[in-house]
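A short worksheet on the structure shown next.
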Ligand SMILES: Nc1nc2c(ncn2[C@@H]2O[C@H](COP(=O)(O)OP(=O)(O)OP(=O)(O)O)[C@@H](O)[C@H]2O)c(=O)[nH]1
Ligand SMILES: [Mg+2]
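Numbering (the numbering used here), first residue to last: -5 to 381.
Structure (structure tokens):
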């Protein structure tokens, strides 16, 4: 095995040097940024050729490395793109960033382990390993990621025409994977949505804000919209819906029980769209959830389960179980702007076997909402759209 340090003004320049010296089979062992380096050698990459995975590589403690900002240690990474290091020291965001990258690196290793573990139905190609890593980093569950790639392998894996001597092209596997995801994701289009739409979900996920965004969107396409709030539990909750109603110039009814809800629904019978907001309920509050569910039984229409994108897999599952009695017809994911772990969206769809409805991506009413699409989800997971 040969190990050598390479330098460049950025990662790509250093990678070029590695490629020239070691070819395509080089392995990146360590990347760091040198604060004291000349501009043309700011990024330092330790690379190896004929690397033995059993060998432990020690971090060198020399002036160059200690003065630089360690960025990421990736063991047995094939020679692919390396993200630019973030050149700052001990502030919280920088440390947080570094932790995120280290976590991503560990996830990547997990992916590679999975690939090498025999669970992989024979697809040990680097392009597949890289796609698996990306799905895991975005928090797609290991089982779903593995299943998707197995299906992709069945589709393209046997084609020798598609395989180059060094393995499958990364972009080819990614495109096939994106296609697979898109075909599996169902979306409840606006035209199929019922006249009455109810939002349910855990506390603080953005139900009321989303209701206002939806009300504005439906009104913008010519619907006469009315709002109902079944939310008398939280102090100020009714005031929030009333204020949105005032701003959007729509009638609002605040109700506290089944009878009140039925009366409000009847009074809005002439409206094209009735949007029903509900009080957020913790999934630990079994009594409160059951009571809300009982009240909502009188509503005929669509019920969207509102969840934040980036929800941990265990929490996601727990929410799906506890909101199952509400008979939800689609999932709505909020706060896409607050995470990069969009895997929970795909996990949610697969576990709940429900279509997607909308995504929200910010606090601004009415702007920060979009109709969900399978292409958008594939892009969130795989970065398929340039720019
Ligand atoms: N970043 C971000 N914040 C959002 C988004 N949607 C809502 N919020 C914020 O989330 C917070 C809670 O929003 P609400 O609409 O009151 O949430 P809720 O689900 O109705 O809350 P409860 O009725 O108490 O259960 C507010 O600060 C919103 O501005 C979003 O897409 N992105
Ligand atoms: Mg609310």
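Glycine included, C-beta positions come from ideal geometry on N, C-alpha and C. Predicted model only: the values in this text are computed from it and were never measured.
About 20 Å separates the CB atoms of residue 273 and residue 324; that is not less than 8 Å, and the two are not in contact. The residues 134, 138, 175, 179, 371, 375, in chain order, have a CB closer than 8 Å to that of residue 340 in the same chain once the five nearest residues on each side in sequence are set aside. Around the CB of residue 163, fewer than 16 other CB atoms lie within 10 Å, so the residue is classed as exposed. Rounded to whole angstroms, the gap between the alpha carbons of residue 345 and residue 1 is 47 Å. In the three-state scheme derived from DSSP, where H, G and I count as helix and E and B as strand, residue 265 is classed as coil.
Counting along the chain, residue 194 sits inside the beta strand (DSSP E) bounded by residues 190 to 194. Annotation: the continuous beta strand (DSSP E) that includes residue 41 extends over 37 to 43. In this structure, residue 276 and residue 242 do not form a Cβ contact; the two beta carbons are roughly 29 Å apart against a cut-off of 8 Å. Taking C-beta atoms under 8 Å as the contact rule, residue 322 and residue 353 fail to qualify, at a distance of about 16 Å.
Between residue 334 and residue 132 a beta carbon distance of about 7 Å is seen, short of the 8 Å cut, so the two are scored as contacting. The C-alpha of residue 208 is placed about 13 Å away from the C-alpha of residue 188.
Residue pairing by DSSP places residue 272 opposite 224 in a beta bridge. With respect to residue 167, residue 119 sits close: the two C-beta atoms are nearer than 9 Å.
No heavy atom of ligand 2 is found nearer than 8 Å to the CB of residue 192. The Cβ neighbour count for residue 253, taken over all protein chains shown within 10 Å, is under 16; the residue is labelled exposed. Setting aside the 5 residues that flank it on each side, residue 35 is surrounded in the same chain by 1, each with a C-beta closer than 6 Å to its C-beta; the list follows chain order. Distances between the C-beta of residue 128 and the heavy atoms of ligand 2 are all 8 Å or more. In terms of CA proximity to residue 359, 239 leads the group 260, 8, 239, 307. Here the distance from the Cβ of residue 348 to the nearest heavy atom of ligand 2 is not below 8 Å.
Less than 9 Å separates the beta-carbon of residue 225 from that of residue 235. Of the residues 259, 314, 294, the one whose Cα lies closest to the Cα of residue 196 is 314. Per DSSP, the unbroken beta strand (DSSP E) holding residue 324 starts and ends at 324 to 328.
Between the C-alpha atoms of residue 136 and residue 262 there is a straight-line separation of about 46 Å. In this structure, ligand 2 has a non-hydrogen atom nearer than 8 Å to the beta-carbon of residue 271. A check of alpha carbon separations from residue 7 across 19, 17, 38, 198 identifies 38 as the nearest. Taking 8 Å as the cut-off, one finds at least one heavy atom of ligand 2 near enough to the beta carbon of residue 202. Counted as a single uninterrupted DSSP element, the stretch harbouring residue 333 is not any alpha helix (DSSP H), since DSSP gives it neither H nor E. When rounded, the separation of the alpha-carbon atoms in residue 128 and residue 310 is 20 Å. Taking non-hydrogen atoms of ligand 1 into account, the C-beta of residue 231 is found less than 8 Å away from one of them. When C-alpha distances from residue 198 are compared across 145, 329, 4, the shortest belongs to 329.
Residue 270 is positioned such that its CB atom lies closer than 9 Å to that of residue 221. Residue 296 and residue 192 have their alpha carbons spaced roughly 6 Å apart. For a cut-off of 8 Å, the C-beta gap from residue 317 to residue 181 is around 20 Å, too long to register as a contact. The criterion of a C-beta distance shorter than 9 Å is satisfied by residue 338 and residue 304. Taking a C-beta distance under 9 Å as the contact criterion, residue 319 and residue 287 qualify as a contact pair. Residues 184, 352 of the same chain have their beta carbon placed closer than 7 Å to that of residue 365, with the five preceding and five following residues left out of the count.
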